[in-house]
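Report on one structure; see the data block that follows.
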Amino acid sequence: MLPRSMALKSTALRQASDLDLEHEASRSSVAPSAPRSGSGKSPNARVFVTERLSLWYGTSRALNDVSLEIAEKRVTAFIGPSGCGKSTLLRCFNRLNDLVDGVRVEGDVLFEGQSIYAPDLDVNSLRKRVGMVFQKSNPFPKSIYENVAYGCRIHGIKKKALLDEIIEQSLRGAALWGEVKDRLQESALGLSGGQQQRLCIARAIAIEPDVLLLDEPCSALDPVATAKIEDLIHQLKERYTIVIVTHNMQQAARVSDQTAFMYIGELVETGPTQEIFTNPKKRQTEDYITGRFG
Amino acid sequence: MTMLGMTSRRRSTERLGQVFTWMCAGALALNLLLAVGLLILIGMHGLAYFWQASVTEIELKDGTRLIGEVHGIEAVPTADAAWEGEQRMRLKIGNRDLYGLDFRWLRESEIETVTTPDEVVLLERLEWGNFYGRMVELRQAGSPVAAGSEAVLAALPDLHQRQMALRESIESLEHGEMGEVNYELEKLRLEERAVRMRGDDARASADLARMERTQAQLDERYRELAAELTAMRDRLHDVVLVMRDAGGQTKEIAVGEIVRVVQPNSMGTLASVRLYLGRIVEFVSGAPRESNTEGGIFPAIFGTVMMVFLMSFAVVPFGVLAALYLREYAKDGPMVRAVRIAVNNLAGVPSIVFGVFGLGFFVYLIGGTIDQLFYAEALPTPTFGTGGILWASLTLALLTVPVVIVAAEEGLAAVPRVVREGSLALGATKFETIWRVVLPAASPGILTGMILAMARAAGEVAPLMIVGMVKLAPSLPVDGYFPYVHLERKFMHLGFHIYDVGFQSPNVEASQPLVFATALLLVGVVIGMNFVAIVVRNRVRRSYATSAV
Numbered sequence: 000m001l002p003r004s005m006a007l008k009s010t011a012l013r014q015a016s017d018l019d020l021e022h023e024a025s026r027s028s029v030a031p032s033a034p035r036s037g038s039g040k041s042p043n044a045r046v047f048v049t050e051r052l053s054l055w056y057g058t059s060r061a062l063n064d065v066s067l068e069i070a071e072k073r074v075t076a077f078i079g080p081s082g083c084g085k086s087t088l089l090r091c092f093n094r095l096n097d098l099v100d101g102v103r104v105e106g107d108v109l110f111e112g113q114s115i116y117a118p119d120l121d122v123n124s125l126r127k128r129v130g131m132v133f134q135k136s137n138p139f140p141k142s143i144y145e146n147v148a149y150g151c152r153i154h155g156i157k158k159k160a161l162l163d164e165i166i167e168q169s170l171r172g173a174a175l176w177g178e179v180k181d182r183l184q185e186s187a188l189g190l191s192g193g194q195q196q197r198l199c200i201a202r203a204i205a206i207e208p209d210v211l212l213l214d215e216p217c218s219a220l221d222p223v224a225t226a227k228i229e230d231l232i233h234q235l236k237e238r239y240t241i242v243i244v245t246h247n248m249q250q251a252a253r254v255s256d257q258t259a260f261m262y263i264g265e266l267v268e269t270g271p272t273q274e275i276f277t278n279p280k281k282r283q284t285e286d287y288i289t290g291r292f293g
Numbered sequence: 004m005t006m007l008g009m010t011s012r013r014r015s016t017e018r019l020g021q022v023f024t025w026m027c028a029g030a031l032a033l034n035l036l037l038a039v040g041l042l043i044l045i046g047m048h049g050l051a052y053f054w055q056a057s058v059t060e061i062e063l064k065d066g067t068r069l070i071g072e073v074h075g076i077e078a079v080p081t082a083d084a085a086w087e088g089e090q091r092m093r094l095k096i097g098n099r100d101l102y103g104l105d106f107r108w109l110r111e112s113e114i115e116t117v118t119t120p121d122e123v124v125l126l127e128r129l130e131w132g133n134f135y136g137r138m139v140e141l142r143q144a145g146s147p148v149a150a151g152s153e154a155v156l157a158a159l160p161d162l163h164q165r166q167m168a169l170r171e172s173i174e175s176l177e178h179g180e181m182g183e184v185n186y187e188l189e190k191l192r193l194e195e196r197a198v199r200m201r202g203d204d205a206r207a208s209a210d211l212a213r214m215e216r217t218q219a220q221l222d223e224r225y226r227e228l229a230a231e232l233t234a235m236r237d238r239l240h241d242v243v244l245v246m247r248d249a250g251g252q253t254k255e256i257a258v259g260e261i262v263r264v265v266q267p268n269s270m271g272t273l274a275s276v277r278l279y280l281g282r283i284v285e286f287v288s289g290a291p292r293e294s295n296t297e298g299g300i301f302p303a304i305f306g307t308v309m310m311v312f313l314m315s316f317a318v319v320p321f322g323v324l325a326a327l328y329l330r331e332y333a334k335d336g337p338m339v340r341a342v343r344i345a346v347n348n349l350a351g352v353p354s355i356v357f358g359v360f361g362l363g364f365f366v367y368l369i370g371g372t373i374d375q376l377f378y379a380e381a382l383p384t385p386t387f388g389t390g391g392i393l394w395a396s397l398t399l400a401l402l403t404v405p406v407v408i409v410a411a412e413e414g415l416a417a418v419p420r421v422v423r424e425g426s427l428a429l430g431a432t433k434f435e436t437i438w439r440v441v442l443p444a445a446s447p448g449i450l451t452g453m454i455l456a457m458a459r460a461a462g463e464v465a466p467l468m469i470v471g472m473v474k475l476a477p478s479l480p481v482d483g484y485f486p487y488v489h490l491e492r493k494f495m496h497l498g499f500h501i502y503d504v505g506f507q508s509p510n511v512e513a514s515q516p517l518v519f520a521t522a523l524l525l526v527g528v529v530i531g532m533n534f535v536a537i538v539v540r541n542r543v544r545r546s547y548a549t550s551a552v
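Here the protein sequences come in this chain order: A and B.
Counting along the first sequence from 1, when you hit position 230 you're at 229 in the working numbering, and nothing is skipped either side.
To convert, take the position in the second sequence, counting from 1, and add 3; that gives the working numbering.
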């Protein structure tokens, strides 16, 4: 079912925007999820399934036989010490690892039942449905408006009125609208770090993906900005499947429903966050969580 | 010794550091001093050229009288003890038509008196350079209009203005209507050749008959215009100013040949300043006269600027595309590294080698082929198969392309990887990412490359000498005849103009100040073009900077 039609998307977006406008006042209120193509499935449908995924950068093995499932409309956190392969695994989901020279993948990743490493897969359509926010905020050297409009323009939306609507909706969705609505034409680089990161989230959700990959989105932010992003993640999970890589175990405990602990390229343990943090099954997990190493 | 006390080793290191700081500052100061000194030297010499000094009348001990401008006094360079301590003076005496030489050296001991009489007049003329002397009489159609210095000076401005207007209309007739007829005749000649080359058939002979009629008409028109021109020329020589030089020799000078009448010794400050500015304007906007030693240098300015622009248009897209491939598409490896080294070394190849390549490749091969294909009727006269502004620009583009490639590559490399990934993660293709994000972000770097290329190209002379630069171009590369921009034409260039005026002219001493003035202008043109480019770059940088500044 890649790729969806634009018409369907814009209807969905319009409905979502109406609803959001009503609820904009209170940030804690949760916007009801818009009707989506995948909404017929049960809440725990698996969006991603990795099957014995291994990955090499040249000769060094970054991932080793990882088998994992990502549940729909849940927040899944990847934790583990530096260099354990969490970001590498995350970047397998939108195939951003392809850009690295000498990368080699074994095993498979299924997205809604379809292999994303299949030779006939259109990687740009995949990335359109699997959005990503990076560790370091990376707004384009353009205006705030153009940053959010970028993805839409790439995917063929040209009508000004529709773009305006999508941009307002996305910025509201990223809890940034109130702060930037009067300076949309100013450079995005004039925003603060936290604002830039939320702009990147707005940019990602402007093209209505199904999944959001967050690669340590708060590692460069101060606690206030971090709290804002975490609030936002709570709101976003009503509409998106979220996978977050984090160094910060408290953050993983606060925002995620599922947690996967990785260590030196291997998936050590995965399960509901509550269970991992209170009753880990593996010794390594316990050691890491209790701070004995990492 | 306490923990905070300095050891002697540390103290000496500190002193060394201070010395080093001073050395660095000194080197920078020296560099600045050299650059500023250069500009001041050129500026002073160049700008002084237009200032009218007073004119002196000198009587020598042998009774000879001379009028002229003092151009410097120096010790007589000799080993002879008898001449020890003797000064000599360089006097610009002008009147080349009478004396043959513009300058004369006078020894101090020869001079009897030096005066600056008010009534002495300097005439700037179209031909033969300046005339220094006194006005005697103004004649129109053989009969005197005014006699005596003051009367002539009063009557002259009106007549001079009239004759200048007449000269202008002669020029516009020559270049306008007669030029048009010549242009039509030349076109007709080429058409006729083309028809003859096509072969013999009924249509050809009909065409030829038609052309013959047109030719007859044009010839008739040409004869009419030529007659008109002769009549106007006669009228131009109708008004004559009789001058007397210092020695009493009289000389008749057609008023139409006079550019400017100046009485340097009785001029007020305001008049001096106006004369000064007028000369600068003439220099910048006029055409050269007297084998480039007088008049203006507008064609050279125009040629330089146009060539640099054409070069930029060629080199920027070419260099940026090459840099894009090297940086974004080519897989890094020994091959790419070798290419990069080769590109860098290309920048070190002597420029005359590029000139030779341009001659062989652009002029003979490409130009020759174009001539054979499209301008066969004009052969053996080459159209593109000879040096021209297009080939000169392309040769310089080759010369400067390494600069652009290196700068563009650096600009591209400076675009952070996360920004590219951000675009790709939104589903943009590699091309979209490069086109919409990477190139705009790299554009300040690319413009830096362009600025460097322009600066290098504007100062380059050697390669141009064999691919189309000439000391005197008959017409600008842009004019009113279709197709208006004539890329095949030869052109003039400030750099070569300096060389030509300073070292190739028949009157080196007279034109020496012109070398400085032209050099100043060349520096000005380069700075001006760079300034525009830098302003553009700063504007681009503000809107596309990859990080908040």
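By construction, the Cβ of each residue, glycine as well, lies at the ideal position given by its N, Cα and C atoms.
Everything numeric in this text was worked out from a predicted model, so none of it was measured.
Assignment of V535/B by DSSP, reduced to helix, strand and coil, places it in the helix class.
Nearest CB-CB separation between F139/A and chain B: below the 9 Å threshold. Just so you know, the alpha carbons of D237/B and T296/B end up roughly 27 Å apart. In the three-state scheme derived from DSSP, where H, G and I count as helix and E and B as strand, I241/A is classed as strand.
D335/B and S288/B have their C-alpha atoms some 52 Å from each other. Around the C-beta of P477/B, fewer than 16 other C-beta atoms lie within 10 Å, and the residue is accordingly described as exposed. The three-state secondary structure of G177/A, taken from DSSP, is helix. The beta carbon of R103/A sits closer than 6 Å to the beta carbons of W55 from its chain, once the five residues preceding and following it are set aside; these are given in chain order. As computed with DSSP, R247/B is found in a beta bridge with R137/B and T253/B. Those residues of the segment 430-446 of chain B placed with their C-beta closer than 8 Å to a C-beta in chain A are G430, A431, T432, E435, R439, V440, P443 and A444, ordered along the chain. For E268/A against T245/A, the beta-carbon gap comes to about 16 Å, at or over 8 Å, which does not count as contact. H154/A reaches chain B at G430, counting residues in chain order whose Cβ is nearer than 7 Å. Neighbours of S124/A in chain B, taken as residues whose beta carbon is under 9 Å from its own, are G430 in chain order. For S208/B, the three-state secondary structure derived from DSSP is helix. Among the CB atoms of chain A, one or more fall inside 9 Å of the CB of L427/B. A direct Cα-to-Cα measurement between G103/B and T59/B gives close to 20 Å. In the pairwise beta carbon analysis, the segment 228-237 of chain A is classified as touching the segment 246-257 of chain A: at least three pairs are separated by under 8 Å. Counted as a single uninterrupted DSSP element, the stretch harbouring L467/B is not any beta strand (DSSP E), since DSSP gives it neither H nor E.
At a cut-off of 9 Å between beta-carbon atoms, E412/B makes no contact with chain A. The beta carbon of I275/A sits closer than 6 Å to those of T258, all from its chain and outside the five residues before and after it, given in chain order. When the Cα atoms are used, Y487/B and L191/B turn out to be separated by approximately 19 Å.
Per DSSP, S175/B is not a residue of any beta strand (DSSP E); the alpha helix (DSSP H) it occupies stretches across S152 to S175. Straight through space, the alpha carbons of G151/B and E215/B are spaced by roughly 58 Å. Taking C-beta separations shorter than 6 Å and ignoring five residues to either side along the sequence, the partners of F133/A in its chain run D214, following chain order.
For the segment 329-350 of chain B, the set of positions with a beta-carbon nearer than 7 Å to some beta-carbon of chain A is empty. Counting only runs of 4 or more residues that sit fully inside the segment 401-483 of chain B, the alpha helix (DSSP H) segments are 420-428, 433-436 and 442-462, in chain order. Inter-residue distance for R247/B and M453/B is about 57 Å (C-alpha atoms, whole angstroms). Around the Cβ of A38/B, a 10 Å sphere holds fewer than 16 other Cβ atoms; the residue is exposed. Judged by DSSP in its simplified three-state form, Q234/A adopts helix. Shown here, A44/A sits in coil according to DSSP, grouped into three states, outside any helix or strand. DSSP, read as helix, strand or coil, puts R253/A in helix. Note that the segment 491-501 of chain B touches the segment 292-309 of chain B; at least 3 beta-carbon pairs, one per stretch, sit closer than 8 Å. Judged by DSSP secondary structure, N146/A falls within the alpha helix (DSSP H) whose first and last residues are I143 to I153. Neighbourhood of G101/A in chain B, by CB distance below 9 Å: empty, with the nearest CB roughly 10 Å away. With distances taken between CA atoms, L244/B lies nearest to L162/B out of L162/B, G531/B and L362/B. Chain A has a Cβ within less than 9 Å of the Cβ of V422/B.
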